[in-house]
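Heads up: the structure comes next, in structure tokens.
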Amino acid sequence: MAADDSLVIHRADWVLPIADDYGRSVEPIREGAVAVEGEQIVGVGPATAVLAAFDSQVPVREWSGVLMPGLVNAHTHLQYTSYGDMAGTGMPFTEWIAEVIRRRAFTTDDDWANSAADGARMLLETGTTSAADDVTDSPALAPVGATGLGGISYLEEFGYDTANWNSSGRAHLVERLDSAPSSREIGTMAHAIYTLDPEPFADILAIGRQRGMRSQFHLDEPAAEGSFVSSGIGACADNARAAGWDLRLLREGGAGVTPTRFLADLGCLSTHTHAAHGVHCNADDRALLRVNGTVVALCPRSNRILQAGTPPIADYLREGSPIALGTDSLASSPSLDLLDEVRAAFDVARAQGYDAPDLGARLLYAATYGGARAMGRHIRGADTQGRAPYGGLYPGAQADIAVMSIDSAIGSPVDALVLSGHCRATLLRGRVAHSV
Ligand SMILES: [Zn+2]
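In this text, residue positions in the sequence shown follow my numbering: the first is 1, and each later residue adds one.
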């Protein structure tokens, strides 16, 4: 193959492709290389083989450590980066969300924009190249787009009973969608079934679908969500009443089922949607998510800080449920570093009895391929607009690559990444977006 100005071979001690074009997990490659042309990967393998496949004039960039797919944060709210002090206050979920709502009244459009831009930078500095970013206030959109971060901005709506949705909420979402900047892929987000009537919840997803967009929602985060859906009682019910929302599940005393069953019956579980949290999902709930192909973004550190419970990570893994990882916002998380979330998930799964040696590899897969699947970009052809997949290193994938330093004294590169990985550089669609 002839030399090309845009062709570069990145070479490192280890290459961790994580996944191939079929989503199968791939073993680490010692002394590996990744060839990148423009925004796409054009070769992956042992360095000797990759170098032999290209002209000797092609520039080679040497890195120490590991090349892996850019991390994919499957649940965050970058506009709340400036609320970072809240994560250390010890407030349980229902108090915390009331405090978020109180602060929102004093946060300006410029604050949202600056906060979201800061969050996007933190992601790029820690090897994350794509994020599912939930956006309640549209001024937070453009600054994230300007950083080049990949992923989807999900325009979030909450606090609508059916009457208010029909009179104003629907028009509000449509106006936001129509005026969203083109620098980010856009989706829709139904906040949660305890802040929206079932009709607006389903409508938010349907509006996204009609526009060829993906959607997201919070699912089974606080334990009180379960009592709200089953019986119309508890802290989520009290909050809804205090906010003046005339929600059907309150009036009817609940639906007698779990939140997951309720949303499945409402037609909200599909391969076009993904859920955040899934803390209290039981075996039947997890099976519903699995058969519908709905990825769950697990955020164990946020759950711990908000005292929302511990997600059944070992069960999700044993059952083969599609999972991803998310940091949630800095208002409920100690960092936006997704490798920190991998470490937390590792400890949770071990404590829950998952003792197989593949734990680190499976969680790195969730933190890359799993997030890409949540956003419909995990394999070639998955994206309806023909955009390149990400979440794995293979020819044809988008050249989103994290360079991680590791403690080489630790045996396997996977274990070393989980225990000691630290981002040294981030390549975003082939270009260095961060480097130290
Ligand atoms: Zn969230």
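Backbone N, C-alpha and C define an ideal beta-carbon position, used for all residues, glycine too.
What do you reckon, are the CB atoms on residue i and residue j nearer than 7 Å?
i: G253; j: G232; result: yes
i: Y154; j: M122; result: no
i: P312; j: L298; result: no
i: T126; j: D400; result: no
i: L317; j: Y354; result: yes
i: H369; j: R377; result: In the sequence on display, residue 369 carries Tyr and not His. No, these two residues do not count as a Cβ contact at 7 Å.
i: C281; j: T260; result: yes
i: A374; j: M68; result: no
i: D161; j: L219; result: no
i: A349; j: A372; result: no
i: A120; j: L71; result: no
i: A442; j: S335; result: Examination of residue 442 is not possible in this model, given that the chain is present from 1 through 436 alone.
i: P222; j: F93; result: yes
i: E37; j: S6; result: yes
i: R424; j: S405; result: yes
i: A49; j: E31; result: no
i: L250; j: A237; result: yes
DSSP three-state label for residue i, please.
i: F106; result: coil
i: M86; result: helix
i: Q210; result: helix
i: I406; result: coil
i: D315; result: helix
i: F93; result: helix
i: P17; result: coil
i: Y154; result: strand
i: C236; result: helix
i: A433; result: strand
i: H422; result: strand
i: I186; result: strand
i: F54; result: coil
i: N73; result: strand
i: Q398; result: strand
i: W112; result: helix
i: Y160; result: strand
i: W165; result: helix
i: R30; result: strand
i: E252; result: coil
Decide if residue i is buried, meaning its Cβ has at least 16 other Cβ atoms within 10 Å, or exposed.
i: D197; result: buried
i: T384; result: exposed
i: H75; result: buried
i: H449; result: What the structure shows of the chain is the stretch from 1 to 436, and residue 449 is not part of that stretch, so it cannot be assessed.
i: Q210; result: exposed
i: P59; result: exposed
i: Y83; result: buried
i: Q216; result: buried
i: G421; result: buried
i: I101; result: exposed
i: T439; result: Because the chain in this structure spans residues 1 to 436, residue 439 falls outside the shown range and cannot be described.
i: D337; result: buried
i: Q398; result: buried
i: G392; result: buried
i: Y80; result: buried
i: A235; result: buried
i: T89; result: exposed
i: E27; result: exposed
i: T258; result: buried
i: T426; result: buried
i: G43; result: buried
i: A351; result: exposed
Out of the options, state which residue places its alpha-carbon closest to the alpha-carbon of residue i.
i: G448; options: T136, V348, A264 and L317; result: Residue 448 is absent from the structure shown; the chain starts at 1 and stops at 436.
i: R343; options: E175, G430 and A416; result: A416
i: N292; options: S138, A12 and H274; result: H274
i: D358; options: V418, S230, H378 and R184; result: V418
i: P395; options: R11, P17 and A206; result: P17
i: L263; options: F201, M375 and H10; result: F201
i: A52; options: Q40, D265, A33 and A235; result: A33
i: Q429; options: D134, R387, V100 and E175; result: For the sequence presented, residue 429 should be read as Arg rather than Gln. The option with the nearest alpha carbon to R429 is R387.
i: A240; options: H277, D265, T195 and A140; result: T195
i: A382; options: G212, E319, L269 and R424; result: G212
i: G151; options: S167, I186, A140 and L250; result: I186
i: E225; options: I9, A356 and H277; result: H277
i: A146; options: L269, P181 and P322; result: P181
i: R286; options: L269, E157 and S6; result: L269
i: I207; options: E175, G234 and I193; result: E175
i: D340; options: S321, D21 and G360; result: G360
i: R24; options: R214, I379, A163 and L266; result: I379
i: A367; options: A356, S408, P322 and S405; result: P322
i: N437; options: A283, V42, G244 and L177; result: Given a span of 1 to 436 for the chain in the structure shown, any question on residue 437 remains unanswerable.
i: G65; options: A47, R11 and R104; result: R11
i: S199; options: E157, S179 and S183; result: The sequence shown places Glu at residue 199, not Ser. That would be E157, whose Cα lies nearest to the Cα of E199.
Below 8 Å, can you find three or more Cβ-Cβ pairs linking the region 294-313 to the region 325-342?
yes
Can you confirm whether the region 332-352 touches the region 106-114 when touching is taken to mean that 3 or more C-beta pairs between the two stretches lie within less than 8 Å?
no
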